[in-house]
Structures are given as C-alpha cells and as structure tokens.
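A.B. asks: Those letters in the sequence shown? Residues 1047 to 1255, per the numbering used here, in order. From the three backbone atoms N, C-alpha and C, an ideal C-beta is built for every residue, glycine too.
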Amino acid sequence: MELGPLLEIVRARALEIVATLFGIVSVWLSTRENIWSWPTALVNVLLSVPVYFAARLYSDMGLQVVYAALSVYGWYEWLHGGENRTELPVSRTPRQQVPLLVLVGVVTAAILGTIAARLTNASWPYLDASLTAASLVAQWMMTRKLLENWAVWIAVDIVYVPLLAYKHLYEFAVLYVIFLGLAIAGHVEWRRSLREHRGALTLAPASPD
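Structure below.
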C-alpha cells in the first residue's frame, strides 16, 4: 500500500475520533445546562461534515447543516430565551405543542424514508428516517430547554444500540450506550433543575403594584 492512501485513512479516522469526542463532551455539557455545550456541538458538526463527505453519506452530511443551525439557535436561546431576555430555564413541553411535534416528526420521517427508499439502497429506510426525524425534534426541544427532550433521546438511543450492533457497527453501538447513559443522567439533572426553578419562583416575593 502506498503511503499517501494510508495517511488519508489515518487522517480520516483521527477526524472521526475527534468529532466523536466533541459529540460526547457536548452531550455531557448539555446534561449540566452548560452553555458551552452549543459551541462544542458546533465543532462536532463541522468536523463531521468531511467525515460524511468522504464516506459519501451525503444525506447525513446535509443534516449537519440543520444541526449547525440548531446549535447556533440553541446557543442564543439558552442565553437570551428566558423572560426579559434572561437565561432560559428548564421547562415542561406545553401540551398543545405535543401533537405538533409528533406531526412534524411523522411527516419528516415519511419524507426522508420515501426519499431513502426510492433513491438509495438503505437497509431500513423508514426506520433510519424515523430515528433521524426523532433526533431533529429532540434537538429542537433541547434548544428550548424542554425537559422531555431527554425522553425522546432515550427512546432514540435504545433503538439505535441494537440496530447498530445488528449492522456490526459495534463501536457506534457502544457510543450510543454512552449517549443513552448521558440522556438518562440529563433527564435526572434537568428534572432537579426544574424543581429548583419552580421552588425559587414560589419563594420569590411578589412585586409591588
């Protein structure tokens, strides 16, 4: 084997590892409500683009544009999305938003699944599309600090682990086990944060008329 192609393989592998590490750190920071989770996620996205391009996974590469936009939006919202442009606190998903989020997820999954089924040789186009759609919905929910985003991530990760193992992508399966643990920890931490925020509101003195 010539040295040039070997170096390209090593470089691509190193880039994939660094991108993965940034992804793990980003999720961990999110569980702590740390604003640095968003710039870290943005770095993960930017590093992932050439990886997907080299693997000719163009749909996944295109999705990174969406994730990049959500990262910038989430960065801003966490800083200024609260009352009077203050820091955004953790909250519950409004009931009236749930049907809309489900509808967006179903429609997105149907569109992506149909495209994948007709234009690619994907193994399970609609399952893959459903996981992608659910991930996008969960990511948007995270930008708004909605507690239930972690429940969606937990469901997504639970499905991804056996799916990736079945495809013999064992390293990625282990990665999603890590993501699953972080999602459970995130739900616990954000639930505690929500209780503390509500307790602070209850104890806060009423403003004078």
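Counting pairs of Cβ atoms below 8 Å between the region 1184-1196 and the region 1130-1146, do you hit three or more?
C.D. replies: yes
A.B. asks: So, under 8 Å CB-CB, Leu1116 and Thr1066 are touching, yes? Tell me the CB distance rounded to an integer number of Å.
C.D. replies: About 19 Å separates the two Cβ atoms, so there is no contact after all.
A.B. asks: Can you list, in chain order, the residues of its chain whose CB lies under 7 Å from that of Pro1208, leaving out five sequence neighbours each side?
C.D. replies: Closer than 7 Å at Cβ, skipping near neighbours: no residue.
A.B. asks: Identify every run of the alpha helix (DSSP H) within the region 1139-1226, keeping only runs that are complete inside it and at least 4 residues long; order them along the chain.
C.D. replies: 1144-1165, 1171-1189, 1195-1212
A.B. asks: Specify whether the region 1226-1233 and the region 1105-1124 touch according to this definition: at least 3 beta carbon pairs, one from each stretch, less than 8 Å apart.
C.D. replies: For the pair of segments examined, the region 1226-1233 was found not to touch the region 1105-1124: the number of CB pairs separated by less than 8 Å stays below three.
A.B. asks: Below 8 Å on the Cβ atoms is my contact criterion, and I expect Tyr1093 with Thr1086 to pass it. Report the Cβ-Cβ distance as a whole number of Å.
C.D. replies: Reading off the sequence shown, one finds Leu at residue 1093, where the question assumed Tyr. With a Cβ gap of about 11 Å, Leu1093 and Thr1086 do not count as contacting.
A.B. asks: Expressed to the nearest angstrom, what Euclidean distance is found between the alpha-carbon atoms of Glu1129 and Ile1063?
C.D. replies: 39 Å
A.B. asks: Any idea if Gly1159 is buried or exposed, counting beta-carbon neighbours within 10 angstroms, 16 or more meaning buried?
C.D. replies: buried
A.B. asks: Where are the alpha helix (DSSP H) runs, 4 residues long or more, that stay fully inside the region 1083-1132, in chain order?
C.D. replies: For the region 1083-1132, whole alpha helix (DSSP H) runs of length 4 or above, ordered along the chain, are 1083-1100, 1104-1126.
A.B. asks: For the candidate residues Arg1164, Leu1210, Asn1167, whose alpha-carbon lies nearest to that of Leu1177?
C.D. replies: Leu1210
A.B. asks: Here's the rule I'm using: 16 or more other beta-carbon atoms within 10 Å means buried, otherwise exposed. How should Trp1082 be labelled?
C.D. replies: exposed
A.B. asks: Flag this pair as yes or no: are the beta carbons of Tyr1206 and Tyr1222 separated by less than 8 Å?
C.D. replies: yes
A.B. asks: Smallest Cα separation from Met1187: which of Val1071, Glu1123, Arg1078?
C.D. replies: Glu1123
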